[in-house]
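Quick note: the sequence shown, position 631, residue 2039 per our numbering, numbers continuous. Comments concern the structure below.
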Amino acid sequence: MDGSLPRKGAGAALRHDSALKHTTGEARYADDLPDAPGTLHGAFVLSAIPHGTLTSLHTDAARTMPGVVAILGPRDIPGKNDIGPATKQEPLFADPVVEFAGMPLALVLATTRDAALRAAAAVKAEIAPLEPVLSIERALELGQNVVPPQVIRRGDAAGAIARAPHRLSAELRAGGQEHFYLESQIALATPGEDGEMTIISSTQHPSEVQHIAARVLGCDYNRVTVTCRRMGGGFGGKESNASWVGAAAAFAARVTGRPVKLRLSRRADMVATGKRHPFLYRWTAGFDDTGRILGLEALLAADGGWSLDMSGGVVFRAITHAVNCCDVPDIALTAQAVKTNTVSNTAFRGFGGPQGALLMEDVVHRVAVALGLPAEAVRARNFLGAPGNSDELPYGQKVEGDLIERVWAEAHRDCEWDRRRAEIAAFNASHPTLRRGLGSMVLAFGISFGLRHLNQAGALVHVYSDGSIRLNHGGTEMGQGLFIKIAQVVTEVFGVELDRVAITATSTAEVPNTAPTAASTGSDLNGWAAYNAAMTIRDRMAEVAAQKWGIAPEAVVFADNRVWAERVGGNKVLDFGELAKLCFLERVSLSATGFYKTPDIHWDPVAMKGHPFFYFSYGAAVAEVIVDTLTGEHRCLRADLVQDCGRSLNPAVDRGQIEGAFVQGMGWLTCEELWWDAQGRLRTVGPSTYKIPGSRDVPPVMNLRLLEGAPVRVETIFRSKAVGEPPLLLATSVWNALKDAIGTADLDLPATPERVLMAIRRKS
Ligand code: MTE
Ligand code: HPA
Ligand code: MOS
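Next up, the structure:
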């Protein structure tokens, strides 16, 4: 790593705190914990048809199978049969309406997991079929929505389009995406005294597991404790979907009085848990000869699946990111989520932002092809904040045009654009069947939860009398490196080495009422909360040292595992542990909570205007692809990425996030295809039928740079910026490169070899 980086504290390129444990297998995931005596294992009975009325469930054969202890359904629930995170109308078990193929009908409990799975397969359901709605188009015709249309309007879009020198209309489809976290959904619930329930859950949102388990159990929140040490990946898939798995385990534990472990098989996980929302786009744009887009009318229709889940937030992020980095003076954007009889779609890295941004990419590319201009020229002509253009988004928030310009200029320079353009043109002219192409992407991603109240965090820090520190906060660890980043914030405050800080599992008993770890805000929110907790303790410790030395508390310095009077290296010094001991003897509290709420965010849902994001993260990418025009097969040969992380809390972790997000985005846009049959059953239910990128799909040349020296204009923790989701959008450069290679902008997503081949055929 860059030698100028600090070796410790905030900004150090430290490896993930569990990196070695991840690779040796010592890191404990929920399923690695030893079973307590009497533990039961659960398996769901899932509907095989997408829509109907459950008339009867034949469980007799299953009940007598070896090891089977109970088969539970909606009638056995002590509280409510409702797992809705946003509204309260989402049944855990069909009762009696079946809404999608994969909907839970019953839960089998047995002494082993195999016995539970075998018995679940032996349960027979009778379902009187109802007509299913299986496409966005059909749901639009019927007008059935889970999120009704929302409109952002500025100026007179229809008039601007009518007056423009050129007009173009198009339709685009983008597919969904399975999270494919390596650890499938899992929860382990243990009943305790006085109605207590402890749930170990692989969740991004322990507080919501707590709330929904309490709703299903029919008890107060204070009876339910949820903990999570780490997830084997979440990617948004464990923001709401972990809650119903946890609630089901808790309810089964309550009814049987025994600990219950519920681990979904890969197949059950794929059919029964939500995915990224597929989108359908319909738009008309008016533009001039230079490619300046003068007016745009667009519909963004997401497939919400059978229930609301968090589709409201996803639609919000899609509509607020639909122009991405471009200025469109007169605009009318409509976004909605239709209701279909498919699994309820949910958060997935980017949360509708990537889908929103695809709209503008489609517009830019089709306009470029229509005018015979390079797509990059059309994009740059329309940049927010470019000369003559506004820097204000259609909903009223401004972006930093200088940073858009800067990330693009750096990516353009890094990739040797002009030289490679010429080289690619020569290659394409000389090769009969292979085509290479270059594509770019520039992004501005808004940081903050769309829901104002989620932008808060808490932390709990203890310093023990030997000077060791215990850190707890509301954020969860899913592999993204949140725990080490927050530990670095705390070491920075106390001036100690990382080995003094114990990282601990997230728990609703330690920090209550938390937001999910999502929207890339984990380190922004919990970093400040932990900072505030640590500063409270540090101030108290400084007071004690100051009194001992007869100096002002402000003159006490915390550095190098020690505490100094006035300056590091002076002769008045205490070991950090000695001072902690002294505080104890002086009866000074060494424990504190910290709290943070994001300032300056607001939204008017009637006017559809406001300032919903604390700030934006910026990034740019250039990708090169090669396409076999006879088969449609393609590879990404090189990617040059520039991402703005502000003053990174941990550049090693941030680089990992950027690489991972880019490759995961490539998967969404090029090879991962969810396929439902005509009966509405998902048929891509495992790695053999659902292709996620492998190590050999990573571009052989991947140049990645964190933007350096750029201003961070708001007060983030140590002036760092969020990184978890934004770089996923950079993979859009690969789609753009494919379109460049085959010479058409008409390419639906995912751009699998089949779709690329069809696009080539359509064109010729
Ligand atoms: N990185 C890893 N390794 N695993 C994950 O599950 N989730 C992503 C991103 N990076 C994820 C990840 C998503 S969807 C989000 S919102 C952020 O991490 C959440 O963490 P943060 O807010 O701490 O960045
Ligand atoms: N991102 C991710 N998860 C969320 C959001 C968001 O903007 N809002 C509510 N849950
Ligand atoms: Mo990430 S989709 O906000 O969990």
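Note that beta-carbon positions come from the ideal geometry of N, C-alpha and C, so glycine has one too.
beta-carbon residue i near ligand 3 non-hydrogen atom, thresh 6 angstroms
i, result
"residue 1757", "yes"
Top-ranked residue by Cα proximity to residue i, from the options
i, options, result
"residue 1981", "2076, 1954 and 2006", "1954"
"residue 1700", "1730, 1795 and 1630", "1795"
"residue 1599", "2103, 1583, 2069 and 1654", "1654"
"residue 1691", "1894, 1576, 1787 and 1855", "1576"
"residue 1507", "1841, 2126 and 1458", "1458"
"residue 1609", "1670, 1572, 1557 and 1571", "1670"
"residue 1898", "1935, 1863 and 1767", "1935"
"residue 1490", "2153, 1716 and 1565", "1716"
"residue 2113", "1819, 1633 and 1861", "1819"
"residue 2040", "2155, 1427, 2025 and 1880", "2155"
"residue 1641", "1625, 2050, 2048 and 2069", "2069"
"residue 1565", "1874, 1524, 1737 and 1856", "1737"
"residue 1687", "1776, 1478, 1543 and 1734", "1543"
"residue 1482", "1476, 1510, 1625 and 1578", "1625"
"residue 1435", "1615, 1636, 1421 and 1580", "1636"
"residue 1497", "1850, 1714, 1789 and 1461", "1714"
"residue 2172", "2158, 2151 and 2161", "2151"
"residue 2014", "1763, 2024, 1803 and 2101", "1803"
"residue 2087", "1456, 1948, 1448 and 1422", "1456"
"residue 1863", "2004, 1712 and 1702", "2004"
"residue 1810", "2052, 1919 and 2036", "2052"
"residue 1903", "1762, 1875 and 1916", "1875"
"residue 1465", "1513, 1727, 1487 and 1451", "1513"
"residue 1948", "1649, 1545 and 1962", "1962"
"residue 2148", "1730, 2162, 1769 and 1603", "1769"
Beta-bridge pairing of residue i - partner residues as DSSP gives them
i, result
"residue 1534", "1464"
"residue 1800", "1806"
"residue 2113", "2050"
"residue 1596", "1608 and 1669"
"residue 1512", "1454"
"residue 1931", "In DSSP, residue 1931 forms no bridge with anything."
"residue 1553", "1746"
"residue 1701", "1695"
"residue 1579", "1690"
"residue 2103", "Answer by DSSP bridge pairing: none, since residue 2103 is not bridged."
"residue 1791", "1734"
"residue 1711", "1746"
"residue 1449", "1518 and 1669"
"residue 1558", "1743"
"residue 1574", "1695"
"residue 1479", "1516"
Any non-hydrogen atom of ligand 1 closer than 6 angstroms to residue i Cβ
i, result
"residue 2133", "yes"
"residue 2074", "no"
"residue 1848", "no"
"residue 1931", "yes"
"residue 1887", "yes"
"residue 1641", "yes"
"residue 1890", "yes"
Minimum Cβ-Cβ distance from residue i to chain B less than 7 angstroms
i, result
"residue 1653", "This model lacks chain B altogether, as it is built from one protein chain only."
So if I measure from each beta-carbon to every heavy atom of ligand 2 and keep distances below 7 angstroms, which residues remain?
Going along the chain, the residues that qualify are 1644, 1647, 1718, 1721, 1725, 1755, 1759, 1857, 1858, 1859, 1862, 1924, 1926 and 1927.
Any beta strand (DSSP E) of 3 or more consecutive residues that is wholly inside the stretch 1969-2045:
As far as the stretch 1969-2045 is concerned, its whole beta strand (DSSP E) runs of at least 3 residues are 1970-1973, 1981-1983, 1999-2005, 2010-2012, 2017-2019 and 2023-2036.
Which runs of the beta strand (DSSP E) at least 3 residues long sit entirely within the stretch 1811-1882? Give them in chain order.
Runs of the beta strand (DSSP E) inside the stretch 1811-1882: 1842-1855, 1864-1871 and 1877-1881.
Please list the segments of the alpha helix (DSSP H) lying wholly inside the stretch 1610-1679, counting only runs of 4 or more residues, in order along the chain.
DSSP runs (the alpha helix (DSSP H)) wholly in the stretch 1610-1679: 1614-1625 and 1649-1664.
Suppose only complete runs of 4+ residues qualify. What are the alpha helix (DSSP H) ranges in the stretch 1902-1957, listed by chain order?
Counting whole runs of 4 or more residues, the stretch 1902-1957 contains the alpha helix (DSSP H) stretches 1930-1957.
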